[in-house]
Each structure stands twice: as C-alpha cells, then as structure tokens.
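In UniProt numbering, the protein residues as written are 206 to 531.
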Ligand code: XMP
C-alpha cells in the first residue's frame with residue numbers, strides 16, 4: 206500500500222544499490238520536483254551527490270537567488286551554480302519553433318551537466334570516483350506527455366524526457382517517475398523540506414524560453430521577467446497562490462497591436478495571463494481570478510513594462526489548450 210514512508214524507503218534502497226560508491230549530480234531548477242528528487246537522493250547517498258543549478262538566463266526574477274539561499278539553507282546540499290546564459294541564448298538564436306526550442310534546451314542542459322561533471326571529478330582529485338549518474342525530477346505526467354508512456358500521444362518534449370540528446374553518457378536516476386505532483390509534495394514533506402519549497406507552484410525546466418511565442422532574445426526575456434514578476438506579486442498579494450495551480454505569463458513577441466498611451470500611438474506586444482487550476486497538470490481549468498485582481502495586473506503591466514500595450518486573459522481549459530503555450 207502506498208505511503209510516503211514506503212516510497213522514501215524503497216527509493217533510498219534502490220538508489221544506494223544503483224549508485225554504489227560512485228558520484229551523482231542532480232540538476233536543480235528551483236521547482237518542487239527537482240528539489241524533492243535531490244533531497245531523496247541526498248538521503249540515500251549523502252555527500253556523493255552534488256547539485257548543479259544551471260542559470261540558463263530563462264529564469265524568472267529572483268529565482269537563482271532563491272535556489273542559492275533557501276534550498277541550500279534547508280538541505281545543506283553541495284551546490285554548484287553554472288552561469289550558462291550566453292550559451293543558451295546563442296543556441297536559441299533565430300529559433301521560433303516550440304519543439305525545436307525544447308530540444309535545444311534539453312541538449313544544452315546535458316552539455317552543461319557534462320562540463321560540471323568533469324569539474325566535479327577534477328575538484329575531487331585523483332581519489333574522486335567518477336560521476337556516472339544524473340538525477341532528474343521527472344514525474345509521471347512528464348513521461349506520459351512526452352510520449353514515453355504506453356500508447357500515449359507525444360504532446361510535448363519535456364526538457365528532461367523527450368528533449369534529451371541521444372548521445373547522453375549519464376545513467377539516469379529518476380526516483381519520482383511514477384508519482385504525481387501531489388504525491389511528490391507529500392514525499393517532500395516527509396523528507397522535511399520547508400513549505401515554501403514543497404508548496405511552490407510548478408515552473409517548467411525550459412523556463413521563460415517556452416513562454417515567448419517567437420524568437421527568444423535577452424530583451425524579450427527582460428520584458429517578460431518584469432511582467433511575470435508583477436503578475437506573481439499581485440496574485441500573491443490577493444492570497445491566490447494556493448487556489449491557482451500556476452499562472453504562466455506569455456509574451457506574444459511576434460504579435461503587435463495598436464495602442465494609445467499618454468498622448469501617443471503605440472505599437473506594442475500583448476502579454477497573456479494563463480492562470481489555471483488543476484490536480485495533476487494532466488487536465489486543467491482556467492482560474493476565475495477576481496476582476497479587481499486582473500485589473501490591477503493589467504494596469505501595472507501596461508504602465509511598468511515598456512513595449513507592452515495590451516494584456517489578455519486565456520480562458521481555455523486543458524484540453525483543448527495545454528497549460529503552457531509551447
Ligand atoms: P502542459 O503545457 O503540457 O504542462 O499542459 C503541464 C505541466 O508541465 C509543466 N511543463 C514542464 N515542466 N519541463 C518541466 O519541468 C518541461 O519541459 C515542461 N513543459 C511543461 C507545465 O508548467 C505544467 O505544470
């Protein structure tokens with residue numbers, strides 16, 4: 206029978222057996238899944254684990270600092286932060302197609318992990334055992350929707366499943382592969398992770414890279430980061446963090462519309478708000494966010510974010526729309 210204690214005990218034993226005396230690295234994204242996976246593997250193999258946080262420049266405002274501070278404080282985990290913004294942006298230059306973006310991001314993640322692996326081995330010195338394992342916080346829905354399940358359609362290549370390159374050298378450890386998000390949260394609680402980590406809203410590994418419809422550039426990312434920070438701030442202030450599953454904020458970079466601001470004509474981009482409620486992200490409904498909250502977000506985004514002159518609300522459930530736009 207399913208209890209979080211059983212899941213933890215079973216996985217700890219399996220991971221110990223799989224890793225032996227070798228070393229593992231775990232990609233941390235700031236999200237719940239990778240945090241719980243890391244904590245679980247740390248419980249199993251302790252200091253044989255090093256976490257790697259890849260700052261790909263597609264993060265939200267404040268995200269990197271939060272991982273560096275909160276997660277390390279909560280777990281005492283060994284963390285290596287890699288600044289890979291230039292590398293990711295260069296690889297994404299000129300690319301608009303969503304699946305191509307996902308594949309590029311998945312590939313670059315692995316290339317960065319390989320480099321980190323070499324550095325970790327070098328730092329451990331001659332006696333350091335090789336790093337052979339990569340821990341990922343892959344969940345059951347990621348597997349299913351990437352077409353890795355049985356008889357299911359390939360909807361999207363999740364960065365850590367269908368988006369992986371073929372020539373990957375790591376052996377994967379995916380202790381959450383059979384779990385849904387609510388179960389992962391329970392496991393995180395069992396492992397003693399703080400509420401702020403366990404109850405965080407989901408955020409995709411490819412980050413804002415799949416929330417810009419069109420090419421991903423530094424300027425566009427900066428715009429979106431501002432708009433996203435405003436939406437998050439107001440939704441939190443309104444006390445809606447728990448009732449909303451997540452709220453992607455999307456920049457329609459290839460669309461422009463005419464507006465008027467001050468006494469001049471503008472020709473700017475729309476921002477889409479996509480608040481949803483869900484149990485497991487497999488299906489979702491659009492959230493009925495109070496009008497006053499939407500009004501405040503809209504006013505602030507159009508006033509505070511250059512180049513954005515329109516805010517629209519996505520009122521599509523999943524299906525037919527997925528939660529993310531790409
Ligand atoms: P969709 O857009 O498929 O999203 O309805 C379902 C859930 O998965 C998240 N998502 C991802 N998470 N890597 C992740 O870690 C990914 O590549 C990825 N793509 C989507 C999305 O935010 C939602 O919670």
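We put the CB at the ideal spot given by N, CA and C, even for glycine.
- If you look at residue 270, you'll find it in the alpha helix (DSSP H) that goes 268-271.
- Take the alpha-carbon of residue 452 and the one of residue 479: they are about 5 Å apart.
- DSSP lists 340 as the bridge partner or partners of residue 378.
- Nearest in C-alpha terms to residue 241, of all of 351, 300 and 343, is 343.
- Residues of the same chain with a CB within less than 8 Å of the CB of residue 346, apart from the 5 flanking positions on each side, are 385, 386, 485, 486 and 487 in chain order.
- Of all alpha-carbon atoms in 396, 283, 363 and 349, the one lying nearest the alpha-carbon of residue 209 is that of 396.
- If you ignore the 5 residues before and after residue 248, its C-beta comes within less than 8 Å of the C-beta of 213, 217 and 396, all in its own chain and listed in chain order.
- Residue pairing from DSSP places residue 255 in a beta bridge opposite 230.
- Residue 325 and residue 393 have their C-alpha atoms some 27 Å from each other.
- Secondary structure note for residue 326: its alpha helix (DSSP H) is the uninterrupted segment 303-329.
- Distances from the CB of residue 490 to the heavy atoms of the ligand XMP are all 7 Å or more.
- DSSP places residue 386 within a helical segment (H, G or I) once states are collapsed to three.
- Three or more Cβ pairs closer than 8 Å define a contact, and the region 372-379 falls short of that threshold against the region 273-289.
- If you draw a 10 Å sphere on the C-beta of residue 259, you find 16 or more other C-beta atoms in it, and that means buried.
- The beta-carbon separation of residue 411 and residue 233, rounded to 15 Å, does not stay under the 8 Å limit for a contact.
- Per DSSP, the continuous beta strand (DSSP E) segment holding residue 284 begins and ends at 284-288.
- Cβ contact annotation for residue 341 (same chain, cutoff 8 Å, sequence separation greater than five): 231, 232, 239, 242, 365, 377, 378 and 379, in chain order.
- Note that the C-beta distance between residue 237 and residue 348 is not below 8 Å.
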